[in-house]
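One structure is given below, encoded as structure tokens.
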Amino acid sequence: MKYVNEYRDPELAKKLLERIHQRSRKHVRLMEFCGGHTVAVFKHGLRQLLPPNIEMLSGPGCPVCVTASADLDKAIALGKLPGIIVSSFGDMVRVPGSQASLQQARAEGADVRIVYSAQDALEIAQENPDKSVVFIGIGFETTAPTIAASILRAEQEKITNYYVLSLHKVCPPIMKAILDLGEVRLDGIICPGHVSAIIGSLPYRFIADDYGIACAISGFEPVDILLAVEMLVEQIESGQPKVEIAYRRGVKPEGNPAALKLLDTVFEIGDADWRGIGVVPASGLSIRKNFEKYDAAKSFEIDAGPTREPKGCICGGILRGVSTPLECKLFRETCTPEHPVGPCMVSSEGSCATYYEYGTGVEKPAWT
Ligand code: SF4
Numbered sequence: 181m182k183y184v185n186e187y188r189d190p191e192l193a194k195k196l197l198e199r200i201h202q203r204s205r206k207h208v209r210l211m212e213f214c215g216g217h218t219v220a221v222f223k224h225g226l227r228q229l230l231p232p233n234i235e236m237l238s239g240p241g242c243p244v245c246v247t248a249s250a251d252l253d254k255a256i257a258l259g260k261l262p263g264i265i266v267s268s269f270g271d272m273v274r275v276p277g278s279q280a281s282l283q284q285a286r287a288e289g290a291d292v293r294i295v296y297s298a299q300d301a302l303e304i305a306q307e308n309p310d311k312s313v314v315f316i317g318i319g320f321e322t323t324a325p326t327i328a329a330s331i332l333r334a335e336q337e338k339i340t341n342y343y344v345l346s347l348h349k350v351c352p353p354i355m356k357a358i359l360d361l362g363e364v365r366l367d368g369i370i371c372p373g374h375v376s377a378i379i380g381s382l383p384y385r386f387i388a389d390d391y392g393i394a395c396a397i398s399g400f401e402p403v404d405i406l407l408a409v410e411m412l413v414e415q416i417e418s419g420q421p422k423v424e425i426a427y428r429r430g431v432k433p434e435g436n437p438a439a440l441k442l443l444d445t446v447f448e449i450g451d452a453d454w455r456g457i458g459v460v461p462a463s464g465l466s467i468r469k470n471f472e473k474y475d476a477a478k479s480f481e482i483d484a485g486p487t488r489e490p491k492g493c494i495c496g497g498i499l500r501g502v503s504t505p506l507e508c509k510l511f512r513e514t515c516t517p518e519h520p521v522g523p524c525m526v527s528s529e530g531s532c533a534t535y536y537e538y539g540t541g542v543e544k545p546a547w548t
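Structure follows, in structure tokens:
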């Protein structure tokens, strides 16, 4: 198949669904790790089409949602320092921190700019040589290579007023952390498509080998996801967990060597603080010593003050797969996309925003 419409073909989707219904016998729990998958599952009504013995859970794969309050507070504190321009992706600006959001900090006088990429932030640095420009680097292995490229470009072009606050996270260690927590029993994982385009399929092998959990890497169209679910059902029913790729047009087992080289040049593995989970060893990307002059965490004194989570918000449990937005008393009441209390309602890939936008998962999909 070559065109995106083919991955939305209802006939193909129905055939896959028939095969899933025929083969699936056990009651299984599948986690879609990635927020993009959660959106696609809800948008296309896939939960309602799967057999009732297949339970779908959402995982921690939304980069805005997993950014810890303490890290967000650091970004806000940086914005309040004189002579600093903070640049960030749009969603991050609206996430409430312990005291305020970046958006509120901007209203109080901080210079906070929304950018679409780290390259945009680099251009702001070139245009404002008398200011220090800090890019808030969030995201997984998908976005981190472009941020690495921005640091290499700053080095090449001798831009000395550009900094990155690296809050990047890597996926396999957090999958391991969630499995080790033992709070949620999983039979299969739909592994993230975009992350896997960078890291390949090999880093997930421990999930099948050590935990006996089925894995399939999926794209973001309904046929991609149903193909991944079919693979998972077959692995589970046959008792042969492994890592399969249901997104062959985007993912190779070895990943993308050029992007991996970029990552390795600029970043090294470090600890990362995850909302709802805490500090997970070796689950983040820190800027290497050779490039530490671009590291905002080392270049500025950041006093973020005490951290507190939004009152009543259960984003942490949602990100660990132990709660759903429907269990939050604030959902649709005080917490809405216009007035978000927690990050899962801010980000377009957040579970709460997805439930809000597409329903609770019990409505009948339009295309059946
Ligand atoms: Fe947090 Fe709002 Fe989601 Fe509740 S509905 S968990 S307050 S983001």
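If you use my numbering, the sequence shown corresponds to residues 181 to 548, in order. For each residue, glycine too, the CB sits at the ideal point set by N, CA and C.
Is any non-hydrogen atom of the ligand SF4 found closer than 8 Å to the C-beta of residue i, if you look at the structure I gave you?
i, result
"P243", "no"
"V521", "yes"
"P490", "yes"
"C351", "no"
"G530", "yes"
"F480", "no"
"L382", "no"
"F511", "yes"
"P505", "yes"
"M272", "no"
"C214", "no"
"I498", "yes"
"I494", "yes"
"C395", "no"
"M525", "yes"
"C508", "yes"
"C515", "yes"
Taking the Cβ atom as the reference point for each residue, do residue i and residue j lie within a distance shorter than 9 Å?
i, j, result
"I393", "L366", "yes"
"Y342", "Y474", "yes"
"D253", "G277", "yes"
"L412", "Y391", "no"
"D310", "G259", "no"
"L210", "I369", "yes"
"V403", "R203", "no"
"E417", "C395", "no"
"V409", "L261", "no"
"S463", "E448", "no"
"C281", "V313", "Residue identity check: residue 281 is Ser in the sequence provided, not Cys. Not closer than 9 Å, so no."
"S531", "S238", "yes"
"Y538", "F511", "no"
"V364", "G501", "yes"
"F480", "A220", "no"
"V255", "K349", "The amino acid at residue 255 is misidentified as Val; the sequence shows Ala. Their beta carbons are not under 9 Å apart, which means A255 does not touch K349 by this criterion."
"P421", "I387", "yes"
"A250", "P325", "no"
"F222", "T487", "no"
"I294", "G263", "no"
"L443", "L332", "no"
"L382", "I339", "no"
On the premise that residue j lies in contact with residue i, defined as a C-beta separation below 8 Å, what is that separation, rounded to the nearest angstrom?
i, j, result
"G373", "C245", "In fact, because the Cβ distance is near 18 Å, the residues do not count as touching under 8 Å."
"S330", "A298", "4 Å"
"V521", "P490", "5 Å"
"I265", "L230", "About 47 Å separates the two Cβ atoms, so there is no contact after all."
"W454", "V446", "Their Cβ separation, rounded to whole angstroms, is 22 Å, which puts W454 and V446 out of contact at 8 Å."
"L318", "M272", "Correcting the residue identity first, residue 318 is Ile in this sequence and not Leu. With 8 Å as the limit, I318 and M272 qualify as a contact, their Cβ atoms being about 6 Å apart."
"G380", "E321", "The pair is not a contact, with the Cβ atoms about 10 Å apart (cut-off 8 Å)."
"S398", "H217", "6 Å"
"V344", "A476", "6 Å"
"N233", "K206", "7 Å"
"G456", "G496", "2 Å"
"I405", "L226", "6 Å"
"P523", "V275", "5 Å"
"D483", "A257", "6 Å"
With DSSP as the reference, please indicate the residues paired to residue i in a beta bridge.
i, result
"K349", "G464"
"L237", "M211"
"Y343", "V314"
"C242", "C242 is not bridged to any residue."
"R293", "S267"
"E448", "S466"
"C508", "Paired residues: none, contrary to the question."
"I393", "I393 is not bridged to any residue."
"I370", "E212, A396"
"L458", "A small correction: the amino acid at residue 458 is Gly; Leu does not occupy that position in the sequence shown. W454."
"C515", "F511"
"T247", "W454"
"D189", "DSSP output for D189 lists no bridge partner at all."
"I304", "I304 pairs with nothing; no bridge assigned."
"E424", "A396"
"D475", "V344"
Answer yes or no: the CB of residue i versus the heavy atoms of the ligand NAP, is any distance below 8 Å?
i, result
"L237", "The ligand NAP is not part of the structure shown, which contains the ligand SF4 as its ligands."
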